[in-house]
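Encoded as structure tokens, the structure appears first; notes follow it.
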């Protein structure tokens with residue numbers, strides 16, 4: 001089963017701000033989510049409000065926050081950030097996904 005991977009618009013800006021090699025590594029890891037959408041660690045364990053969200057750690061220092069929608073068979077990439085940064089709030093992640101859906105990404 002192949003899952004569709006979508007990127008929220010603000011996430012592209014975060015990706016573009018990174019070193020090119022790191023950005024390519026992140027894109028490669030995210031592409032694997034089409035085949036293995038549950039490979040990231042659930043964030044609900046850290047914050048109850050982030051239910052349904054997962055994270056991939058890339059290069060030991062960066063995190064990709066995504067949501068896997070099992071019914072729609074979609075992965076939404078919602079944030080790319082340094083691991084030292086505070087996780088976005090559930091409200092912020094929902095806003096990013098809505099914005100991505102409305103823009104037809």
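Numbering (this note's numbering), first residue to last: 1 to 105.
Even glycine gets a Cβ: it sits at the ideal position worked out from N, Cα and C.
A distance of 9 Å or more separates the beta carbons of residue 46 and residue 18. Runs of the beta strand (DSSP E) lying entirely within the segment 13-73, each at least 3 residues long, are 53-58 and 62-69 in chain order. If you look at residue 4, you'll find it in the beta strand (DSSP E) that goes 4-7. Partner residues in the beta bridge of residue 79, as assigned by DSSP, are 65. Here residue 54 is not near residue 90, since their CB atoms are 9 Å or more apart.
Straight-line measurement puts the Cα of residue 57 at about 10 Å from the Cα of residue 80. In this structure, residue 97 lies near residue 67, with their beta-carbon atoms less than 9 Å apart. In this structure, residue 15 places its C-beta atom within 9 Å of the C-beta atom of residue 26.
Taking the C-beta atoms as reference points, residue 13 is found no nearer than 9 Å to residue 77.
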